[in-house]
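Residue numbers (my numbering): 1 to 285.
For reference, the structure discussed in these notes is given below.
Dropping the structure here:
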C-alpha cells in the first residue's frame, strides 16, 4: 500500500498536463474546469471525512488555493505556447528553486553552513537543468522570441506555486483539512480572473466543463500525496512526487507528439536528470 501511495502522486501529477492538453480548449477553459473539478472532489471528501480546521487556517488555505491558480494558469498558458515537454521541466525546476529559497529565508531550513553549501549546490544544479530544458534551436527567430516571453511568464507565475507550497508550512492544520478551503480559493480566483479578463463566455463553453476531469486528476494527486507523506515521510514522498516531471515531459514527446530536434531532445533529457538530482539534494539535506 505504501508503494502505491508513493507512486500515485507522481503518476497523476505527471498525466495531468497530458489529460488537460488532450481534453482541449483554451487555458481559460482548462483552469476553470480544473478548479471546479477540484472543488467537487473536495466537497465529497469533506462530507465523508469531516476534518476540522480553525478560521485562521481556513483563510490562509483559501489564499493558498488562489495563488495556485496563478501558477497553474501560467502552466496551462505554457502548454499552449511552447508545449508540455518544455513547460513542465522549466516550471518544476523554478518551483523547486523558489520553494527551497523560501524554506531557508522564512522557515530557517538548512541551518548549518554545510547544509547551506549543499543546498546552494542543489539549487545551482536545478538552475542548470532548467536552462538545459529551455534550449531551442536558432532556426526560427520569431519562435525563439515567443519562447523567451513564455519562459519569463513562467518565472513570474511560478510565484503562485511557491506561495501555494509555502503557506501550509505555517498552518496549525494541514493535510486533508485544508483541501476544501484551498479548492474554494481556487474557484474564487478563477471567477475573479474571468471577470477582470472579460472571458465569461468560458462558462458556456463545453471545453470548460470537459476539463473538470483535470480537477479530478489533480485531486487524486493531492490527496494521495497527503497520504504518502503520512506513510512514507515528507522527504521520500516529495522526491518521488517530482518524478511527475519526467512522466509529463516524456508524455508530451511520445503521446502528444511534440517535436524537438536531436539537440533539443538531448538537452531536455539532460535537464530532467539534473532537475531530479537537484530535488534530491535540496530535500535530503
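Cβ atoms here follow ideal geometry from the backbone N, Cα and C, with glycine treated the same way.
Terminal residues of the alpha helix (DSSP H) in which residue i lies
| i | result |
| --- | --- |
| residue 72 | 55 to 82 |
| residue 238 | 234 to 241 |
| residue 256 | No alpha helix (DSSP H) contains residue 256, which DSSP labels as neither H nor E. |
| residue 46 | 27 to 49 |
| residue 17 | 2 to 23 |
| residue 176 | Counting along the chain, residue 176 falls outside any alpha helix (DSSP H), and DSSP gives it neither H nor E. |
DSSP three-state assignment for residue i, whether helix, strand or coil
| i | result |
| --- | --- |
| residue 284 | coil |
| residue 208 | helix |
| residue 110 | coil |
| residue 169 | helix |
| residue 86 | helix |
| residue 219 | helix |
| residue 260 | coil |
| residue 142 | Its pLDDT being 45, under 50, residue 142 is placed unreliably by the model, and the measurement read from it follows with that caveat. Reduced to three states, the DSSP call for residue 142 is helix. |
| residue 136 | coil |
| residue 198 | coil |
| residue 268 | helix |
| residue 52 | coil |
Anticipated Cβ contact below 8 angstroms, residue i with residue j, distance rounded
| i | j | result |
| --- | --- | --- |
| residue 132 | residue 274 | 7 angstroms |
| residue 87 | residue 79 | 6 angstroms |
| residue 69 | residue 106 | That belief does not hold up - the Cβ atoms of residue 69 and residue 106 are roughly 22 angstroms apart, past 8 angstroms. |
Residue i versus residue j - alpha carbon distance
| i | j | result |
| --- | --- | --- |
| residue 103 | residue 74 | 23 angstroms |
| residue 142 | residue 166 | Legend: pLDDT at residue 142 = 45, less than 50; position of this residue unreliable, value from coordinates given subsequently. So the alpha carbons of these two residues sit roughly 37 angstroms apart. |
| residue 288 | residue 256 | Because the chain is modelled from 1 through 285, residue 288 falls outside the range shown and cannot be assessed. |
| residue 242 | residue 10 | 6 angstroms |
| residue 219 | residue 267 | 32 angstroms |
| residue 77 | residue 210 | 18 angstroms |
| residue 226 | residue 238 | 10 angstroms |
| residue 201 | residue 193 | 12 angstroms |
| residue 135 | residue 264 | 6 angstroms |
| residue 260 | residue 82 | 11 angstroms |
| residue 59 | residue 124 | 35 angstroms |
| residue 84 | residue 198 | 26 angstroms |
| residue 159 | residue 89 | 16 angstroms |
| residue 34 | residue 270 | 31 angstroms |
| residue 258 | residue 150 | 17 angstroms |
Buried versus exposed call for residue i [16 or more other C-beta atoms within 10 Å across all chains shown]
| i | result |
| --- | --- |
| residue 4 | exposed |
| residue 48 | exposed |
| residue 180 | buried |
| residue 320 | Absent from the model: residue 320. The displayed extent of the chain is 1 to 285, so no value can be given. |
| residue 163 | buried |
| residue 51 | exposed |
| residue 56 | exposed |
| residue 187 | buried |
| residue 61 | buried |
| residue 206 | exposed |
| residue 122 | buried |
| residue 114 | exposed |
| residue 36 | buried |
| residue 235 | exposed |
| residue 284 | exposed |
| residue 39 | buried |
| residue 195 | exposed |
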